[in-house]
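Report on the following structure.
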Amino acid sequence: MKQATYGDGSLYQRKDGRWEYRVRIGTKSSGDPDYKSFYSRDKTGRSAKKQFIDWQRERDQQKIEVNQTVASWAEQWLTTYKQGRGTSGGNYKNYCVYVENHIVPHIGNLMMGDVRQAHIEQIYRSEAKLSNSALNYIKLCLRGIFKSGLKNHLCTEDPTEDTAPVWHASKSPEYFSREEMEYLLDYIPLDKDGYLAEGLLYTGLRIGEACALTWDDYDGSTLLVHRNAARTDEKGMKYFIKECPKGKKPREVVLDPSGVALFERLPRTSKWIFAGDGSNFMSPDLYRRRYYRFIDRLNAGLAAEWLQQGDHKEDEEPPCVRKLSPHKCRHTYGSYLLEGCHNLRTVQDQLGHSRVTTTEIYTHSDIKSRKVDVSKLKF
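All residue numbers for the sequence shown refer to this note's numbering, where the first residue is 6 and numbers rise by one.
Here is the structure:
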């Protein structure tokens, strides 16, 4: 049974008693009309019509305004294309920081269609002192904003094409010296948080990988690394356990005797090897804070011992261990492992690098070791 036509659609009562409001909503890629139906079981079928009106109103609210500033579209790009779309919480927050602090201040008030290559190059010049990692985030954000803007007809061209920051020359990884390692290893058994530094120095793990370790991942000689403590999208520093290490592939880390001794010595009060409060895992933020406090106490002890010795030169300073980040423990592990085994593939597998070119940053050499090696030259 056919009822009166409402606008662009028609209302029918189906054989099953339901009302169907069928309306044309556009044209398919083939050129054929595209229809959508809405159903109801009321007496007149007007509820089906109302469903269409509500659907149309919601769709209109979702339409993208084509005249947008970079700031307004950048915000929409973050929520539409990045938040919850396979981007980790940590990376999403980094995208937000670089958009807000390094892109919007330069071109945020410009309309999307008014941005030119010169504006992009000016951003890269103004932010040139940032690290390569920071510059790469800016590049990724700019390209994402304008490529998506082009697809949504906010601009007629992509101003980020053929542009890139000037990258800084690669630096050798920073790591603890042998003297610092002696101080660290001597003090670790004396401090309640020493095991946190020791855990990174003897495994080469990323801090998120260490926090995600459970006792089921330890078999007495190796660690199975297949999880990572990753940040959520929520505000604040909140973490969850992600069933994938940062290197994307699970790996086995072989422990040397000192590493085995460490894990055999740790108390098993929780399923987590590096346990936090209660039965939960230790968050990377808490791990870092306790690690840095350990370094501070170590240096305070070295200074006190140095003062007790007395008879120092006027410009002499007490010994200390640099306050390198927990990630520098990973660099320390990779550097000394390669120096000892001379096998790049072993270091690659232990650290979980997907490409050997990443591991090659550890193939540095200092003047002292080079003198020893060059002395072996024979013609």
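Even glycine gets a Cβ: it sits at the ideal position worked out from N, Cα and C.
Express the C-alpha separation of residue j and residue i in angstroms, rounding to a whole number.
i    : j    : result
V28  : C101 : 41 Å
R256 : T351 : 12 Å
A280 : N141 : 34 Å
D167 : S93  : 28 Å
R360 : Q314 : 49 Å
E185 : L303 : 11 Å
P272 : Q122 : 58 Å
K328 : L145 : 31 Å
C334 : D59  : 58 Å
N96  : T84  : 13 Å
C249 : V258 : 15 Å
E322 : D301 : 16 Å
R19  : D37  : 24 Å
F245 : K253 : 16 Å
E187 : S177 : 22 Å
G306 : G204 : 21 Å
T363 : K243 : 29 Å
V230 : S136 : 29 Å
M6   : S15  : Caution applies to M6, whose pLDDT of 46 falls short of 50 and renders its modelled position unreliable; the model cannot decide the point.
H111 : N233 : 35 Å
Y292 : E319 : 38 Å
S284 : K276 : 8 Å
R88  : T237 : Residue 88 is actually Gln in this sequence, not Arg. Answer to the nearest angstrom: the Cα atoms are 10 Å apart.
D290 : K98  : 15 Å
D282 : A169 : 45 Å
A308 : Y338 : 26 Å
S42  : I30  : 10 Å
How would you label residue i, buried or exposed, when you count the other beta carbons within 10 angstroms and need 16 or more for buried?
i    : result
R183 : exposed
K54  : buried
D163 : buried
L267 : buried
F151 : buried
T161 : exposed
A79  : buried
T32  : exposed
C216 : buried
A235 : buried
S340 : buried
H358 : buried
R270 : exposed
S226 : exposed
E214 : buried
G22  : exposed
S175 : exposed
S288 : buried
V171 : exposed
Q61  : exposed
F4   : The question about residue 4 has no answer here: the residues shown for the chain are numbered 6 through 384.
G312 : At residue 312 the sequence reads Leu, which differs from the Gly that was named. Exposed.
G50  : buried
G264 : buried
Could you tell me which residues DSSP puts in a beta bridge with residue i?
i    : result
P38  : T32
Y44  : E25
Y142 : The partner list for Y142 (beta bridge, DSSP) is empty, contrary to what the question assumes.
T227 : V259
F245 : A235
T49  : BP columns for T49 are empty, so no partner.
T168 : Answer is none; T168 lacks a bridge partner.
A280 : F286
M116 : T74
T219 : W277
So residue i packs on residue j, CB below 8 Å; how close in whole Å?
i    : j    : result
Y180 : H336 : 4 Å
L356 : L349 : The pair is not a contact, with the Cβ atoms about 11 Å apart (cut-off 8 Å).
F299 : G199 : 6 Å
L155 : G118 : Not confirmed; about 10 Å, so no contact.
R385 : L201 : Lying outside 6 to 384, the shown extent of the chain, residue 385 is not represented and no answer is given.
N114 : T74  : 6 Å
I278 : Y223 : 7 Å
Y40  : W24  : No, Y40 and W24 are not in contact; Cβ-Cβ is about 16 Å, not under 8 Å.
I143 : P331 : Not really, about 25 Å apart at Cβ, beyond 8 Å.
Y17  : F57  : Not confirmed; about 13 Å, so no contact.
S153 : Y103 : S153 to Y103, Cβ: 16 Å. No contact.
L195 : V326 : No, L195 and V326 are not in contact; Cβ-Cβ is about 14 Å, not under 8 Å.
W220 : G149 : The Cβ separation is near 41 Å, so there is no contact.
N157 : M116 : N157 to M116, Cβ: 14 Å. No contact.
Could you check whether the Cβ of residue i sits closer than 9 Å to any Cβ belonging to chain D?
i    : result
Y244 : Absence of chain D from the displayed structure is noted, only one protein chain being present.
| request: Could you tell me whether the stretch 127-142 touches the stretch 105-118, where touching means 3 or more Cβ pairs closer than 8 Å? | output: yes
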